Amino acid sequence: MSAATETPTRARASHQPLPPSRLRFSGVLKSEWIKLTTLRSTVWAYLIVVLLQIGMAALFALTVNMGTTGPGGPGAPGGGAEAAVTGAAAAQTAVLTASLGVMLGQLVVSVLGVLVISGEYGTGQIRSTFTAVPKRLPVLWGKALVFAVSTFVVGLIAVFAAYAVTWGMLDARGVTSDITDPDVWGRLVGAAGYLVLVGLIAYFLGAILRVTAGGIAAAVGLVLVVPIVLGFVNAEWASVLGQWLPSSAGQTLFLGGGVFEPWQAVLVMLGWIAVFVTTAAVLLKRRDA
Amino acid sequence: MIEATSLTKRYGAKTAVDTVSFTVRPGHVTGFLGPNGAGKSTTMRMIMGLDRPTSGRVTVNGRPYAEHRSPLHEAGALLEAKAVHTGRSARNHLRAIAATHGIPNRRVDEVIDLTGLRSVAGKRVGGFSLGMGQRLGIATALLGDPATLILDEPVNGLDPEGVLWVRGFVRQFAAQGRTVLLSSHLMSEMALTADHLIVLGKGRVIADAPVSDIVNSTQTFVRVRSPRIDDVARRLSQPDVDVTQLGDGVIEVRGLTAEVIGDTALSLGVALHELSTVSGSLEDAYMNLTRDEVEYRTVVTPGAPGGPASGGPASTGPVAAENTQEVAR
Numbered sequence: 001m002s003a004a005t006e007t008p009t010r011a012r013a014s015h016q017p018l019p020p021s022r023l024r025f026s027g028v029l030k031s032e033w034i035k036l037t038t039l040r041s042t043v044w045a046y047l048i049v050v051l052l053q054i055g056m057a058a059l060f061a062l063t064v065n066m067g068t069t070g071p072g073g074p075g076a077p078g079g080g081a082e083a084a085v086t087g088a089a090a091a092q093t094a095v096l097t098a099s100l101g102v103m104l105g106q107l108v109v110s111v112l113g114v115l116v117i118s119g120e121y122g123t124g125q126i127r128s129t130f131t132a133v134p135k136r137l138p139v140l141w142g143k144a145l146v147f148a149v150s151t152f153v154v155g156l157i158a159v160f161a162a163y164a165v166t167w168g169m170l171d172a173r174g175v176t177s178d179i180t181d182p183d184v185w186g187r188l189v190g191a192a193g194y195l196v197l198v199g200l201i202a203y204f205l206g207a208i209l210r211v212t213a214g215g216i217a218a219a220v221g222l223v224l225v226v227p228i229v230l231g232f233v234n235a236e237w238a239s240v241l242g243q244w245l246p247s248s249a250g251q252t253l254f255l256g257g258g259v260f261e262p263w264q265a266v267l268v269m270l271g272w273i274a275v276f277v278t279t280a281a282v283l284l285k286r287r288d289a
Numbered sequence: 001m002i003e004a005t006s007l008t009k010r011y012g013a014k015t016a017v018d019t020v021s022f023t024v025r026p027g028h029v030t031g032f033l034g035p036n037g038a039g040k041s042t043t044m045r046m047i048m049g050l051d052r053p054t055s056g057r058v059t060v061n062g063r064p065y066a067e068h069r070s071p072l073h074e075a076g077a078l079l080e081a082k083a084v085h086t087g088r089s090a091r092n093h094l095r096a097i098a099a100t101h102g103i104p105n106r107r108v109d110e111v112i113d114l115t116g117l118r119s120v121a122g123k124r125v126g127g128f129s130l131g132m133g134q135r136l137g138i139a140t141a142l143l144g145d146p147a148t149l150i151l152d153e154p155v156n157g158l159d160p161e162g163v164l165w166v167r168g169f170v171r172q173f174a175a176q177g178r179t180v181l182l183s184s185h186l187m188s189e190m191a192l193t194a195d196h197l198i199v200l201g202k203g204r205v206i207a208d209a210p211v212s213d214i215v216n217s218t219q220t221f222v223r224v225r226s227p228r229i230d231d232v233a234r235r236l237s238q239p240d241v242d243v244t245q246l247g248d249g250v251i252e253v254r255g256l257t258a259e260v261i262g263d264t265a266l267s268l269g270v271a272l273h274e275l276s277t278v279s280g281s282l283e284d285a286y287m288n289l290t291r292d293e294v295e296y297r298t299v300v301t302p303g304a305p306g307g308p309a310s311g312g313p314a315s316t317g318p319v320a321a322e323n324t325q326e327v328a329r
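These protein sequences, in sequence, are chains Y and C. For the first sequence, counting from 1, position 70 maps to 70 in my numbering; every step adds exactly one. For the second sequence, counting from 1, position 103 maps to 103 in my numbering; every step adds exactly one.
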């Protein structure tokens with residue numbers, strides 16, 4: 001307060017000239033990075049993703065019946081030799097274990113994806129944002145990029161940490177996987193990628209709907225509820241449609257199986273995102289902020 | 001410099017801004033006045049590219065705001081208190097907005113000091129009072145050291161010290177040859193701050209003139225109170241003199257000076273309990289201008305006692321004036 005009254009008549013508190021500055025996309029990226037990292041909700045959401053991933057993996061590794069390990073189990077002296085599971089089967093078990101948390105983590109990432117944009121509309125922040133970036137679209141892309149990269153990094157940390165934590169547990173039960181096996185690390189990366197794609201769908205839905213509750217309902221509905229509903233419909237079209245949903249197609253990336261090759265699954269996911277991106281971009285330019 | 005040409009904004013069947021044209025010049029503080037719903041805020045949002053005009057065009061320093069390479073250096077705006085995410089601290093909010101233009105953190109600290117936010121800069125905006133929110137909004141508007149400043153109701157919620165600061169600040173800002181457009185519902189504030197007024201009513205420009213012109217357009221009158229007011233009124237009645245009976249022994253006289261009225265009363269042997277010259281105020285001028293343009297008019301029961309003493313709440317002004325009766329001639 002006193003500072004304000006001491007300098008009531010000067011637009012600039014110092015006479016040092018400001019360095020030339022102008023609006024750049026790199027600046028928008030930095031701005032969005034600052035916005036993402038200065039909200040508690042972001043930190044909490046990412047922390048929960050990592051903890052869920054590790055916690056669920058550990059729980060699964062400790063309790064699941066490994067079948068072949070059976071009575072040999074942990075502690076059986078050298079008994080794992082003939083019951084040992086290696087190769088493709090071990091990779092499948094290890095990846096399934098490490099990526100189990102994605103089923104819950106995707107909900108957290110979806111909520112965060114919606115909040116990244118709906119939070120700005122809900123608080124009025126969007127008007128400050130669009131005053132600084134009046135062409136608007138750079139904001140849509142900048143937010144998407146920052147959120148996608150952050151989520152990918154957090155997703156990688158989460159699944160690889162989950163793998164590391166459970167490797168020993170599984171190894172003790174005779175399931176020995178190898179991180180250098182592309183079937184292992186490739187699918188772990190796929191799990192992190194799946195989180196990003198789901199998060200982006202939620203983000204663009206948030207940009208379209210602009211309200212938090214509606215955005216979360218739509219995103220979670222598409223990822224969780226629609227597959228269940230379609231599962232109840234006893235018809236050929238329902239099962240075909242079910243395979244093309246973002247969740248079932250995307251989970252091919254780490255769970256394997258399904259009707260799509262991984263690259264096809266990525267294309268299906270990108271197709272979904274393209275629909276929402278286009279809608280969001282057109283509405284963003286057209287609507288009043 | 002802000003130039004609006006036939007600017008129009010319709011929401012469905014309702015026209016919020018109706019073919020408005022005006023120019024806001026640098027070097028002056030221009031006041032944007034009008035009753036609630038007159039279209040002030042909508043116009044300001046269109047200037048900043050936040051609302052899309054239905055038709056017409058508005059430019060800031062020669063171009064639509066969005067087409068500038070460095071928008072924050074062209075114009076800064078406070079359009080509503082707390083256009084800020086509630087979960088972020090004031091400083092982080094300013095850092096995020098500054099980052100878009102590569103504005104250094106040094107400037108962020110400058111605007112924090114300038115607006116007196118130092119002690120709360122690290123606190124989350126959700127806990128801010130209205131006044132602190134206004135200060136943060138002004139700080140945000142100043143980040144780019146803009147050539148044009150647009151402030152929607154900047155003194156709303158500010159303490160007296162803050163009001164004084166805003167007033168001094170915008171005057172100094174304009175004195176540097178920059179452009180200031182500010183809206184306020186406080187006419188007295190406008191009289192002290194603005195050089196030029198653009199008055200809006202029902203989405204149209206109803207006046208666009210220097211403050212002094214608008215004030216002078218309202219006649220000065222003499223207020224007279226006396227226990228024998230009817231005698232005085234009868235004697236004063238003549239062509240070119242307008243006598244308005246307010247009841248309770250009070251009249252307002254236009255066309256005669258207080259000296260003439262006092263002498264007349266003396267010659268009648270009538271005691272005067274009040275004899276005062278009332279200069280036209282901006283409030284009166286504004287009420288006269290917007291009398292027919294008020295969107296949400298206060299309804300007064302017909303037959304209610306004569307208007308309240310002058311200086312009553314501004315919103316009842318035009319209605320009170322209508323309840324006074326002209327003395328028949």
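Ideal Cβ positions, reconstructed from N, Cα and C, are used throughout, including at glycine. None of the values given here were measured: they were computed from a predicted structure.
Per the coordinates, the alpha-carbon of residue 179 of chain C lies some 40 Å from the alpha-carbon of residue 42 of chain Y. Using a Cβ-Cβ cut-off of 7 Å, residue 92 of chain C is close to 34, 38 of chain Y, given in chain order. Per the Cβ contact rule, the region 27-41 of chain C is in contact with the region 179-193 of chain C (3 or more Cβ pairs under 8 Å). Rounded to whole angstroms, residue 259 of chain Y and residue 244 of chain Y show a C-alpha spacing of 9 Å.
Boundaries of the beta strand (DSSP E) around residue 7 of chain C: 2-11. Three or more beta-carbon pairs separated by less than 8 Å link the region 201-210 of chain C to the region 6-23 of chain C, which places the two stretches in contact.
Under DSSP, residue 89 of chain C takes part in a beta bridge, and its partners are C:124. Under the Cβ criterion of 8 Å, residue 196 of chain C is not counted among the residues facing chain Y. Within the same chain, Cβ atoms closer than 7 Å to the Cβ of residue 60 of chain C are found at 2, 47, 74, 75, 148, the five residues on either side in sequence being excluded. Secondary-structure assignment with DSSP links residue 24 of chain C through a beta bridge to C:2.
Between residue 7 of chain C and residue 45 of chain C, the gap from beta carbon to beta carbon reaches 8 Å or more. Counting C-beta pairs with one atom in each stretch, the region 29-38 of chain Y and the region 133-148 of chain Y have three or more that are closer than 8 Å, which means they touch. For a Cβ distance threshold of 7 Å, residue set 69, 70, 71, 100, 101 of chain C lies close to residue 23 of chain Y, ordered along the chain.
Only 130, 131, 132, 133, 134, 135 from the region 130-158 of chain Y bring a Cβ to less than 7 Å from some Cβ of chain C. In the displayed model, residue 55 of chain C falls within a strand according to three-state DSSP. With fewer than 16 other beta carbons inside 10 angstroms of its own, residue 11 of chain C counts as exposed. A distance below 8 Å separates the beta carbons of residue 190 of chain Y and residue 254 of chain Y. Annotation: Cβ neighbours of residue 28 of chain Y in chain C (cutoff 9 Å, chain order): 99, 100. For residue 181 of chain C, the enclosing beta strand (DSSP E) covers residues 179-183. Counting the other CB atoms within 10 Å of its CB gives residue 22 of chain C a total of 16 or more, which places it among the buried residues. By the criterion of a C-beta distance shorter than 7 Å, residue 236 of chain C is surrounded in its chain by 243, 253, 256, 261, 264, once the five residues flanking it on both sides are discounted.
Between the region 169-179 of chain Y and the region 91-105 of chain Y, the count of C-beta pairs closer than 8 Å reaches three or more; the two stretches touch. The beta carbon of residue 136 of chain Y is closer than 7 Å to those of 130, 284, 285 in its chain, skipping five residues each way along the sequence.
Taken through DSSP and simplified to helix, strand or coil, residue 235 of chain C comes out as helix. Taken through DSSP and simplified to helix, strand or coil, residue 200 of chain C comes out as strand.
Under a criterion of Cβ atoms nearer than 8 Å, no residue of chain C is adjacent to residue 206 of chain Y; the nearest Cβ is some 14 Å distant. Between residue 128 of chain Y and chain C, the shortest Cβ-Cβ separation is below 8 Å.
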